[in-house]
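Start counting at 1 in the sequence shown, then tack on 219, and there's your number in the working numbering.
C-beta: ideal position from N, C-alpha, C; glycine also.
As C-alpha coordinates, the structure follows; a few thoughts come after it.
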Amino acid sequence: MTLTNTEVPGFRAGKWVLDPTHSEVGFHVRHMMVSKVRGAFGVKSATLIASDNPLDFVLHATVDAASVNTNLQIRDDHLRSVDFLDVARFPTMEFVSSGARVSGDEFLVDGELTIRDVTRSITFQVELGGFGYDTDKVYRAGASAKTTIDREDFGLTWSATLETGGLVVGKEVTILLELEGFLTEE
220 MTLTNTEVPG FRAGKWVLDP THSEVGFHVR HMMVSKVRGA FGVKSATLIA
270 SDNPLDFVLH ATVDAASVNT NLQIRDDHLR SVDFLDVARF PTMEFVSSGA
320 RVSGDEFLVD GELTIRDVTR SITFQVELGG FGYDTDKVYR AGASAKTTID
370 REDFGLTWSA TLETGGLVVG KEVTILLELE GFLTEE
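As C-alpha coordinates, this is what we get:
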(Lines of atoms letter the chains of each structure in order from A and count residues from 1; the text may use other names and numbers.)
(Lines give C-alpha, C1' and ligand atoms only; values in the text may rest on other atoms or scores of the structure.)
Protein backbone atom coordinates (compact mmCIF):
# COMPACT_ATOMS: atom_id res chain seq x y z
CA MET A 1 0.00 0.00 0.00
CA THR A 2 1.34 3.44 -0.88
CA LEU A 3 0.42 6.29 1.41
CA THR A 4 0.12 9.91 0.36
CA ASN A 5 0.33 12.99 2.54
CA THR A 6 -3.47 13.24 2.45
CA GLU A 7 -3.70 9.84 4.17
CA VAL A 8 -1.51 10.98 7.08
CA PRO A 9 -3.23 14.09 8.45
CA GLY A 10 -0.68 16.82 9.13
CA PHE A 11 2.25 15.12 7.40
CA ARG A 12 4.69 17.44 5.62
CA ALA A 13 7.66 16.69 3.41
CA GLY A 14 10.99 18.23 4.34
CA LYS A 15 13.84 17.92 6.81
CA TRP A 16 12.86 16.91 10.32
CA VAL A 17 15.24 17.06 13.29
CA LEU A 18 14.74 15.11 16.50
CA ASP A 19 14.21 17.11 19.68
CA PRO A 20 16.42 15.26 22.20
CA THR A 21 14.73 16.94 25.17
CA HIS A 22 11.40 15.36 24.20
CA SER A 23 12.69 12.01 22.96
CA GLU A 24 13.96 8.81 24.54
CA VAL A 25 15.49 5.53 23.47
CA GLY A 26 14.34 3.09 26.12
CA PHE A 27 14.86 -0.62 26.55
CA HIS A 28 14.02 -3.53 28.78
CA VAL A 29 15.60 -6.95 29.23
CA ARG A 30 14.93 -9.92 31.51
CA HIS A 31 16.98 -10.04 34.70
CA MET A 32 17.49 -13.32 36.55
CA MET A 33 14.57 -14.68 34.49
CA VAL A 34 12.14 -13.17 37.03
CA SER A 35 11.83 -9.46 36.22
CA LYS A 36 12.72 -6.82 33.65
CA VAL A 37 15.38 -4.15 33.97
CA ARG A 38 14.51 -0.92 32.20
CA GLY A 39 16.85 1.76 30.99
CA ALA A 40 17.30 4.57 28.51
CA PHE A 41 19.88 6.26 26.32
CA GLY A 42 20.26 9.87 25.25
CA VAL A 43 19.79 10.63 21.57
CA LYS A 44 22.84 12.40 20.17
CA SER A 45 21.23 13.36 16.85
CA ALA A 46 18.58 12.29 14.38
CA THR A 47 17.38 13.67 11.08
CA LEU A 48 14.63 12.52 8.76
CA ILE A 49 14.40 13.69 5.16
CA ALA A 50 10.86 13.05 3.90
CA SER A 51 9.39 13.31 0.41
CA ASP A 52 5.71 13.93 -0.36
CA ASN A 53 5.03 10.21 0.17
CA PRO A 54 5.13 9.44 3.94
CA LEU A 55 6.69 6.04 3.15
CA ASP A 56 9.58 7.63 1.25
CA PHE A 57 12.11 9.01 3.73
CA VAL A 58 15.62 8.53 5.06
CA LEU A 59 16.19 8.51 8.80
CA HIS A 60 19.63 8.60 10.41
CA ALA A 61 19.88 8.49 14.21
CA THR A 62 22.87 8.37 16.54
CA VAL A 63 22.65 7.40 20.20
CA ASP A 64 25.27 8.17 22.86
CA ALA A 65 26.14 4.71 24.24
CA ALA A 66 27.75 6.14 27.38
CA SER A 67 24.47 7.84 28.32
CA VAL A 68 22.90 4.51 29.34
CA ASN A 69 20.86 4.97 32.52
CA THR A 70 19.10 2.19 34.45
CA ASN A 71 18.97 4.15 37.73
CA LEU A 72 21.72 2.00 39.25
CA GLN A 73 25.27 3.35 38.84
CA ILE A 74 27.07 0.01 39.27
CA ARG A 75 24.89 -1.60 36.58
CA ASP A 76 25.28 1.40 34.26
CA ASP A 77 29.07 1.23 34.64
CA HIS A 78 28.97 -2.49 33.83
CA LEU A 79 26.86 -1.81 30.73
CA ARG A 80 29.45 0.76 29.59
CA SER A 81 32.32 -1.73 30.10
CA VAL A 82 33.90 -4.16 27.62
CA ASP A 83 31.44 -6.82 28.84
CA PHE A 84 28.61 -4.99 27.09
CA LEU A 85 28.69 -1.72 25.11
CA ASP A 86 32.44 -1.03 25.40
CA VAL A 87 31.81 2.70 25.08
CA ALA A 88 35.53 3.54 25.07
CA ARG A 89 35.81 1.79 21.68
CA PHE A 90 32.22 2.21 20.45
CA PRO A 91 30.87 5.54 21.75
CA THR A 92 27.74 5.57 19.58
CA MET A 93 25.02 3.31 18.25
CA GLU A 94 23.36 4.14 14.93
CA PHE A 95 20.18 3.43 13.02
CA VAL A 96 19.75 4.17 9.31
CA SER A 97 16.40 3.48 7.70
CA SER A 98 16.19 1.51 4.48
CA GLY A 99 12.45 1.75 3.86
CA ALA A 100 8.97 2.00 5.31
CA ARG A 101 5.82 0.05 4.61
CA VAL A 102 2.30 -0.63 5.76
CA SER A 103 1.36 -4.17 6.72
CA GLY A 104 -2.29 -4.48 7.70
CA ASP A 105 -2.81 -1.83 10.36
CA GLU A 106 0.90 -1.52 11.14
CA PHE A 107 3.35 1.13 9.96
CA LEU A 108 6.79 -0.52 9.77
CA VAL A 109 10.22 1.06 9.36
CA ASP A 110 13.07 -1.18 8.21
CA GLY A 111 16.71 -0.31 8.64
CA GLU A 112 20.19 -1.13 9.82
CA LEU A 113 21.08 -0.96 13.52
CA THR A 114 24.77 -0.77 14.47
CA ILE A 115 25.95 -1.61 17.99
CA ARG A 116 29.64 -2.29 18.78
CA ASP A 117 30.46 -2.02 15.06
CA VAL A 118 28.07 -4.90 14.28
CA THR A 119 25.24 -4.03 11.87
CA ARG A 120 22.01 -6.00 11.60
CA SER A 121 18.70 -5.44 9.81
CA ILE A 122 15.76 -4.69 12.10
CA THR A 123 12.17 -3.52 11.79
CA PHE A 124 10.40 -1.04 14.07
CA GLN A 125 6.63 -1.11 14.57
CA VAL A 126 5.67 2.57 14.57
CA GLU A 127 2.67 4.43 15.96
CA LEU A 128 2.37 7.99 14.70
CA GLY A 129 1.44 10.40 17.47
CA GLY A 130 0.41 13.37 15.40
CA PHE A 131 1.50 16.69 13.93
CA GLY A 132 1.00 20.31 14.97
CA TYR A 133 2.44 23.67 15.90
CA ASP A 134 3.92 24.30 19.33
CA THR A 135 3.58 27.59 21.24
CA ASP A 136 6.55 29.04 19.31
CA LYS A 137 4.91 28.21 15.94
CA VAL A 138 7.39 25.39 15.25
CA TYR A 139 5.81 22.47 13.37
CA ARG A 140 6.29 19.22 15.31
CA ALA A 141 5.59 15.51 14.96
CA GLY A 142 5.64 12.64 17.40
CA ALA A 143 5.88 8.87 17.18
CA SER A 144 6.39 5.78 19.30
CA ALA A 145 8.23 2.72 18.01
CA LYS A 146 9.15 -0.74 19.21
CA THR A 147 11.36 -3.64 18.16
CA THR A 148 13.05 -6.62 19.78
CA ILE A 149 16.62 -7.71 19.12
CA ASP A 150 18.81 -10.60 20.24
CA ARG A 151 21.65 -8.81 22.01
CA GLU A 152 24.08 -11.62 21.14
CA ASP A 153 23.62 -10.77 17.44
CA PHE A 154 25.43 -7.50 18.24
CA GLY A 155 28.29 -9.01 20.24
CA LEU A 156 26.65 -8.34 23.62
CA THR A 157 27.30 -11.84 24.93
CA TRP A 158 28.14 -11.41 28.61
CA SER A 159 25.94 -13.26 31.08
CA ALA A 160 26.11 -15.92 33.73
CA THR A 161 24.05 -19.08 34.09
CA LEU A 162 21.80 -19.45 37.11
CA GLU A 163 21.37 -22.68 39.10
CA THR A 164 18.02 -23.10 37.37
CA GLY A 165 19.70 -22.94 33.95
CA GLY A 166 18.43 -19.46 33.11
CA LEU A 167 20.57 -16.43 32.36
CA VAL A 168 21.31 -13.44 34.58
CA VAL A 169 20.67 -11.21 31.55
CA GLY A 170 18.11 -12.32 28.97
CA LYS A 171 19.03 -12.50 25.29
CA GLU A 172 16.02 -10.55 23.99
CA VAL A 173 16.12 -6.79 24.39
CA THR A 174 13.02 -4.74 23.62
CA ILE A 175 13.80 -1.26 22.29
CA LEU A 176 11.13 1.38 22.88
CA LEU A 177 11.30 4.80 21.22
CA GLU A 178 9.40 7.94 22.18
CA LEU A 179 10.25 10.53 19.57
CA GLU A 180 9.40 14.15 18.91
CA GLY A 181 10.88 16.18 16.12
CA PHE A 182 10.41 19.47 14.34
CA LEU A 183 10.35 20.52 10.71
CA THR A 184 13.34 22.68 9.77
CA GLU A 185 12.97 22.87 5.98
CA GLU A 186 10.03 22.27 3.66
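Alpha carbon to alpha carbon, how far is S254 from S264? Give it in angstroms, no decimals.
31 Å
For a quick check, are the C-beta atoms of V357 and F326 less than 9 Å apart?
no
For L304, count neighbouring C-beta atoms within 10 Å of its own C-beta (all shown protein chains included) and say buried if the count is 16 or more, exposed if not.
buried
Are at least three pairs of beta-carbons, each pair with one atom in the region 324-343 and one in the region 289-296, less than 8 Å apart?
Touching, no.
Contact check, L237 vs L398 under 8 Å by CB: the rounded distance?
Indeed they touch by this definition, with Cβ atoms about 6 Å apart.
For G389, count the other beta carbons within 10 Å of its own beta carbon; 16 or more makes it buried, fewer makes it exposed. Which is it?
With 16 or more Cβ atoms within 10 Å of its Cβ, G389 is classed as buried.
Given M220, which residues of its chain have a CB within under 6 Å of its CB, disregarding the five upstream and five downstream residues?
Below a pLDDT of 50, predicted positions are generally treated as unreliable, and M220, at 46, falls in that range; no measurement from the model is reported.
What are the start and end residues of each continuous beta strand (DSSP E) run of 3 or more residues lying completely inside the region 288-344, in chain order?
Taking only runs of at least 3 residues, the beta strand (DSSP E) segments lying wholly in the region 288-344 are 311-322 and 325-334.
Indicate the three-state DSSP secondary structure (helix, strand or coil) for T266 in the structure shown.
DSSP places T266 in the strand class (E or B) of the three-state scheme.
What did DSSP end up calling D355 once you bin it into helix, strand or coil?
coil
Straight-line gap, V262 to V315 (C-alpha atoms, nearest Å):
14 Å
Alpha carbon to alpha carbon, how far is S340 from A280?
15 Å
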